[in-house]
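Peer 1: The following block contains the structure, expressed as C-alpha cells.
In the numbering used here, the protein residues as written are 237 to 503.
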C-alpha cells in the first residue's frame, strides 16, 4: 500500500514553485492536479517526468474538473471538454502515470427536463475515456462526489447503476471525506472493494467538504483502517487535505502501521 500527497494544497502556487516543492515532500507518491495554475502541457509533462525519474517518484494525475461536465447537454461544449480530458490522458501516458482520477458528470439547470439524457451522456463520455485510456495504458478511476456538489454519482446506488452500463475496467477513486458526508464509507468499501483502486483522504465535520487535516474532523480513521484491511485493499491512498498536510501524512501512516501491526510499504 502506498500513502502519498495531493498537490491540491499548493494549487494557488505557481507551477515552478510546485516543481521545487515536490522533491522536498516526505513521500515518493504524489498526485498532480491537472488544473488551475498546475494545468499540464507538453513541456510541463516532460518536466514532471524528469522530476519523477530524478527523485524516484511515482505520480497519479487528477484530471481537470473546473468547468468540466461529462454529462453536458450542449454537444459542442462537451466536445471541447472531452478534448481537454483526452489531452490530460495523453500527458498521463507520456509521464507513465498509472492512475488518472476523474469526476462524473454534473446536473444542470435542465436536469429536471432531461435527466435520462444527462445520465446517457455521462456514461458515453466515461466509455470514450476508457477506450482511450486502454490504448494509452493508463488506469482511470471515477471519484464519488456527494451533495452539495451537483454531480450525478454521489452514492452507492449511483455507482451500482453506472457499473450496470459501463465496463468494470473503470476503477473507483473512493474519496473518504466525500463518503463521510453521506455516511457511506463502509458501504462503498463493502460493495465495491474489487473496483476501488485508489483513495483520497481528508477530514470534515460530516456536513461540509472541508478537506481538513487527518484527525481534525469527525471521521473515525481507526474504524476506516480496519475496514480497509478487512476488504484487502492494496492500492494507493492520497492525502487531499489543504491544511496540516504533512502532519496528516504522518498521522495516516501511523494509523495504518498500528492497524496492520506490520511494516507497510509507505512510499
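Idealized CB from N, CA, C, for every residue including glycine.
Looking at C-beta atoms only, is the number of pairs between the segment 447–464 and the segment 386–402 that lie closer than 8 Å three or more?
Peer 2: Output reads no: the segment 386–402 does not touch the segment 447–464.
Peer 1: May I have the straight-line CA-CA distance separating residue 321 from residue 362, to the nearest angstrom?
Peer 2: 11 Å
Peer 1: Can you grab the Cα-Cα spacing for the pair residue 356 / residue 307, in whole Å?
Peer 2: 7 Å
Peer 1: According to DSSP, which residues form a beta bridge with residue 460?
Peer 2: Beta-bridge pairing links residue 460 to no other residue.
Peer 1: Determine the closest residue to residue 440 out of 420, 414, 261, with distance taken between C-alpha atoms.
Peer 2: Selected option, being the one with the closest Cα: 414.
Peer 1: Considering only DSSP beta bridges, list what residue 238 is partnered with.
Peer 2: Under DSSP, the beta-bridge partners assigned to residue 238 are 472.
Peer 1: Identify the continuous alpha helix (DSSP H) that holds residue 326 and give its terminal residues.
Peer 2: 311–330
Peer 1: In this structure, what does DSSP give as the bridge partners for residue 336?
Peer 2: Within the DSSP secondary-structure output, residue 336 pairs in a beta bridge with 297, 376.
Peer 1: Taking its Cβ as the centre, do 16 or more other Cβ atoms sit within 10 Å of residue 382, making it buried, or is it exposed?
Peer 2: The residue is buried, with at least 16 neighbouring Cβ atoms inside 10 Å.
Peer 1: Along the alpha helix (DSSP H) that carries residue 341, what are the first and last residues, could you check?
Peer 2: Note, residue 341: premise wrong, no alpha helix (DSSP H); not H, not E.
Peer 1: Cβ atoms of residue 291 and residue 258: under 9 Å apart, would you say?
Peer 2: yes
Peer 1: Tell me whether the beta-carbon of residue 476 lies closer than 9 Å to the beta-carbon of residue 394.
Peer 2: no
Peer 1: If residue 372 sits next to residue 329, beta carbons under 8 Å apart, how far is it from one beta carbon to the other, in whole angstroms?
Peer 2: 4 Å
Peer 1: Excluding the 5 residues flanking residue 339 on each side, which residues of the same chain have their C-beta closer than 8 Å to its C-beta?
Peer 2: 299, 301, 304, 306, 378, 379, 381, 387
Peer 1: Just grab the DSSP bridge partners of residue 439 for me.
Peer 2: 448
Peer 1: Three Cβ pairs or more, each shorter than 8 Å: is that satisfied between the segment 283–297 and the segment 254–272?
Peer 2: yes
Peer 1: Based on the DSSP secondary-structure assignment, which residues constitute the bridge partners of residue 387?
Peer 2: Beta-bridge pairing links residue 387 to 342.
Peer 1: Using the C-alpha atoms, what's the distance from residue 460 back to residue 437?
Peer 2: Cα to Cα, the separation comes out at about 11 Å.
Peer 1: I'd like the list of long-range same chain contacts for residue 483, defined as Cβ closer than 7 Å, with 5 residues on each side in sequence excluded.
Peer 2: 449
Peer 1: Is the Cβ-Cβ distance between residue 431 and residue 404 less than 9 Å?
Peer 2: It is a contact, given that the beta carbons lie within the stated cut-off.
Peer 1: Report all residues from its chain with a CB closer than 6 Å to the CB of residue 473; omit the five preceding and five following residues, and keep chain order.
Peer 2: 239, 435, 437
Peer 1: Residue 284 and residue 481: beta carbons closer than 9 Å?
Peer 2: no
Peer 1: Put residue 413 into one of helix, strand or coil per three-state DSSP.
Peer 2: helix
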